[in-house]
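**Student:** Here it is, the structure in full.
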């Protein structure tokens, strides 16, 4: 099993590049990122001369100089622009990757540059529109493969058991999920009517334990981007009268068994409340780092290098969304492999 | 080379279950142990749904609930008794293991349940009969295979070099061992007449350096249980007039190269002396943890994943007991493999 | 790819044996070294009985006693001189290695003893002749293969980028290296005329930034010993009127991907200045430990277990010396393999 290449991956939060270079491995490729003159650069983090990581060198505007023997490369074209020891021949060029910044995120295209279309970046305008005190985000390196992490979001019933006092409360389990494939995406929606809101929402209701209408929606994209809308309103009232949150959970593979986990949260209430915002950020971090991460890393350790489905796990109704996502991903990877072998 | 399955393994000291669940891997199987209502439970530590360790969940009486999606399993039958997301079908059952508590030890049967006979648990009534201040025990996780650890006990001449000031003194080396196979067990006996007792026994003699009769006996069982009797009496006196200790050294494989090492000691002298008992416990712990463990782990590192005998070590007379034990073990494993292939 | 065996390897600085035994793995062999009665001993660090490391035992004069079961071995012949458990047969002997002390270094011959000629030890009289305050040395365990480390010295242009404020300054890059094969050695010489000296030499010139003649010479030996002469004199003056340093950089393989790195430095100026000597020692240690080592270990991580040349790195003119050295080494190893198979 390998990775999908022709898609936009989330490489970093844009502000991760504010203090200089960032070295990060994406689907197995060591990549060096930096920003200069408001332009992003992403190149193979490996000098073609002696394999030294270019991230141990220096960037200067749009160029990077290897720290070992001084070769200089253009970050956009990959061409060697200066070889202090001879001519800068084309043999000395490095691979560059298309990248762009949108929604406060650095996106990288790992596949065939001719197939890259910036319009394929999933829309996340909620990030752009969120006020300073109505938004938080995080990055979590995780020793588990992207599929296990995506499974976790595509089956949010886990919140009732893993986060019972914050994000769960039993309502997701009681409401059966609606699952739809929409093109290459998977849409999952849970809806409950007549239950108290999930614990973190209760203080926002007129009466904490009152009956509500509550919705949770996930859209999964094959590049590991999942966008979640989670909200509640007093029973029978319009959604607009309730509270709503927009979230992203994004799993970018480092290797088959390790991932870069990016997450963020925005909301439509207490939007100027810095203290609440900080508490929300801390609470989510705790849930993801202390509850999700240990469980999923334990799953990965139990799996070792095996694929989950090769071990014939028992399938439940709640696996509908994740199973569909895994099939779509598998089909897309197979399509890429077929296209690649035809070209040869 | 694989493990013997049809035998009772020591899984834990019984009091290790006093504070809740215990997750421990036995001959490669991840097992979850707990006690409820005076009954022991041992089940596969892996949810059949997504392979999450059940030890990250909760036990309630004789059931365990997975911490990830809430499936509940009966610890005795392994049946799923509650699936919050659908019906609890037989596909959701988990493996359970026979286990029993005897001699303050949790025993587990890793093989065919129909062949399990509680009478096959090696008798260790000395544990039951030992007074509070005449008994100590310990557990030592060891990065070495069970065979190297069993070799160490089956050739106690090592005490003369590795523990010269406590358990050795040269007498074991000078007395040639008597070795007998008794069914599937190996019996080794050293006896010296006219030598001072081993260092830790000397203060118990009428005169520390006086001549004694001294005996050391080991009975090895294929499940890694070794029972030792070690004592001394002034030369020519009856054993009953001397001092005697009963000990167990038990090696339960975790993997081929790591082991659970359980040990205990009881004695027939100073049986009410709490301070002496504590000093004895500390002394034995030091010998095993600081002297035996580093040496045997170094052996394992030198071996890597190889079998000792594949590297053609030089055999000495002192290896008689361990060589016989290795052969019996190999034959029993081969018998199990043959029986298993006939059944298929 | 394997190691050259028929050569003298540097095992240790002689004073590393002043405080007792030294266990060190050389080209994959675990070896135990010690000195007694002004004689050196080097034996396989593995008891033939149970593979226990003899370095966990005790040396007594020219013998070593295994700490596990007391077998005693003669460090010169390897014969077992005492088996407390039976006769000391020839089957119990251990491998011994020829070794000798010269230039303050313990040398070991890992190959066929009949081919060992002490005259093949590279001459390093500069070590013997250096005054106490004109000499420093160090040892640096390095998680990189010996070839990458030798490449680093055979192409000193790296100093201009990795050590720009101390050992480099651009002059090595600007002067093209002269490379010669001399028998089984490789000689590389850089010479600049009219440039300021390298930074650490500038304070020693009549005027720091004055024009100089500057020389850097490396002689590489297939056993990983590289001898460097680096010096400078005011432009047009005789070398004898300038300053000169003699250095050794020695890479002894532990495994294919880890090395023992020994280095030393002597000089012809400020030879009685203890403070300067200490500052020079500290400066070199910083350069090697903080600048070279991280870069070369990063190269090795990028390589994994692959050979550099199998990944088709781009070759530059500066790789001339290292490429020749790699070819000579490869040829010598192939010759050894051929000779060994003929003998069989």
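Residue numbers (the UniProt record's numbering), protein chains in the order written: chain A, 1 to 344; chain B, 1 to 344; chain C, 1 to 344.
For every residue, glycine included, the Cβ atom is placed at its ideal position computed from N, Cα and C.
Using C-beta distances below 6 Å, list every residue in its chain close to residue 179 (chain A), excluding the 5 sequence neighbours before and after it, in chain order.
**Tutor:** 188, 320, 321
**Student:** Can the beta-carbon of residue 53 (chain B) be found closer than 8 Å to that of residue 30 (chain B)?
**Tutor:** yes
**Student:** I'd like to confirm the pairing. Which residues does DSSP put opposite residue 266 (chain C) in its beta bridges?
**Tutor:** Bridge partners of residue 266 (chain C) according to DSSP: C:135, C:246.
**Student:** Compare the beta carbon distance of residue 61 (chain C) and residue 23 (chain C) with 8 Å and say whether it is the shorter of the two.
**Tutor:** Contact annotation: residue 61 (chain C) and residue 23 (chain C) have beta-carbon atoms that are not nearer than 8 Å.
**Student:** State the CB to CB distance for the pair residue 148 (chain B) and residue 330 (chain B), rounded to an integer number of angstroms; the pair is presumed to be in contact (CB under 8 Å).
**Tutor:** At roughly 15 Å, the Cβ-Cβ gap does not stay under 8 Å, so residue 148 (chain B) and residue 330 (chain B) are not in contact.
**Student:** Taking Cβ to Cβ, would you say residue 86 (chain A) is nearer than 8 Å to residue 161 (chain C)?
**Tutor:** no
**Student:** Taking the continuous alpha helix (DSSP H) assigned at residue 126 (chain A), which residues delimit it?
**Tutor:** 125-129
**Student:** Give the residues of chain C in contact with residue 78 (chain A), contact being defined as C-beta atoms less than 9 Å apart.
**Tutor:** Per Cβ cutoff of 9 Å: no residues; residue 78 (chain A) is ~13 Å from chain C at best.
**Student:** In chain A, which residues lie with their C-beta within 8 Å of the C-beta of residue 143 (chain B)?
**Tutor:** Annotation: residue 143 (chain B) has no Cβ neighbours in chain A at a cutoff of 8 Å; minimum Cβ distance is about 18 Å.
**Student:** Between which two residues does the beta strand (DSSP E) carrying residue 32 (chain B) extend?
**Tutor:** Start and end: 29-36.
**Student:** Could you tell me which of A:220, A:246, A:237 sits nearest to residue 229 (chain A), measuring between CA atoms?
**Tutor:** A:246
**Student:** Within 8 Å (strictly less), CB to CB, does residue 51 (chain C) reach chain B?
**Tutor:** yes
**Student:** Starting from residue 56 (chain B), find everything on chain A with Cβ-Cβ shorter than 8 Å and list it in chain order.
**Tutor:** 294, 295, 298
**Student:** For the stretch 261-277 of chain B against the stretch 122-137 of chain B, do three or more pairs of beta-carbon atoms, one drawn from each stretch, fall closer than 8 Å, so that the two count as touching?
**Tutor:** yes
**Student:** Looking at the secondary structure, which residues open and close the alpha helix (DSSP H) in which residue 293 (chain C) lies?
**Tutor:** 293-303
**Student:** Looking at the structure shown, is residue 283 (chain C) part of a helix, part of a strand, or coil, going by DSSP?
**Tutor:** helix
**Student:** Going by alpha carbons, who is nearest to residue 282 (chain B) out of B:251, B:253, B:200?
**Tutor:** The residue among B:251, B:253, B:200 with its C-alpha nearest the C-alpha of residue 282 (chain B) is B:200.
**Student:** Check whether the stretch 113-127 of chain C touches the stretch 212-228 of chain C, counting contact only when three or more Cβ pairs, one atom from each stretch, lie closer than 8 Å.
**Tutor:** yes
**Student:** Would residue 318 (chain C) count as contacting chain A if we go by Cβ distances under 8 Å?
**Tutor:** yes
**Student:** Taking the runs of the alpha helix (DSSP H) that are 4 residues or longer, which of them lie wholly in the stretch 165-192 of chain C?
**Tutor:** Runs found: 171-174.
**Student:** Which residue wins for smallest C-alpha separation from residue 92 (chain A), given the options C:334, C:338, C:314?
**Tutor:** C:314
**Student:** Check residue 72 (chain B) in the structure and name its three-state DSSP category.
**Tutor:** strand
**Student:** Does residue 102 (chain B) come out as helix, strand or coil in the three-state DSSP assignment?
**Tutor:** strand
**Student:** From residue 226 (chain B) to residue 146 (chain B), what distance separates their C-alpha atoms?
**Tutor:** 12 Å
**Student:** Taking any Cβ of chain C, which residues in the stretch 183-203 of chain B have a Cβ under 7 Å from it, in chain order?
**Tutor:** none
**Student:** Since residue 83 (chain B) and residue 316 (chain A) should fall inside the 8 Å C-beta cutoff, what is the C-beta to C-beta distance between them, to a whole number of angstroms?
**Tutor:** With 8 Å as the limit, residue 83 (chain B) and residue 316 (chain A) qualify as a contact, their Cβ atoms being about 7 Å apart.
**Student:** Whose Cβ in chain A lies nearer than 8 Å to the Cβ of residue 83 (chain B)?
**Tutor:** Per Cβ cutoff of 8 Å: 316.
**Student:** On the CB-based measure, 16 or more other CB atoms within 10 Å of its CB, does residue 110 (chain B) come out buried or exposed?
**Tutor:** buried
**Student:** Using a Cβ-Cβ cutoff of less than 7 Å, which residues in the same chain neighbour residue 12 (chain C) once the five nearest sequence positions on both sides are dropped?
**Tutor:** These residues qualify, in order along the chain: 22, 24, 33, 106.
**Student:** Please list, in chain order, all residues of the same chain as residue 101 (chain B) whose beta carbon is under 7 Å from its beta carbon, the five residues on each side excluded.
**Tutor:** Contacts found: 14, 40.
**Student:** Tell me whether residue 46 (chain A) is buried or exposed, calling it buried when 16 or more other Cβ atoms sit within 10 Å of its Cβ.
**Tutor:** buried
**Student:** Check whether the Cβ of residue 218 (chain C) sits closer than 7 Å to any heavy atom of the ligand MG, and report yes or no.
**Tutor:** With respect to the ligand MG, the structure shown offers nothing to examine, as it has no ligands at all.
**Student:** Roughly how many angstroms separate the alpha carbons of residue 166 (chain C) and residue 198 (chain C), rounded to a whole number?
**Tutor:** 7 Å
**Student:** Buried or exposed for residue 20 (chain A), please, with buried defined as at least 16 other CB atoms from any protein chain shown within 10 angstroms of its CB.
**Tutor:** Residue burial is scored here from C-beta neighbours: residue 20 (chain A) has fewer than 16 other C-beta atoms within 10 angstroms and is therefore classed as exposed.
**Student:** Determine the chain C residues that contact residue 161 (chain B) at a beta-carbon separation under 7 Å, and present them in chain order.
**Tutor:** 67, 68, 69, 70
**Student:** What first and last residue would you give for the beta strand (DSSP E) that runs through residue 213 (chain C)?
**Tutor:** 212-220
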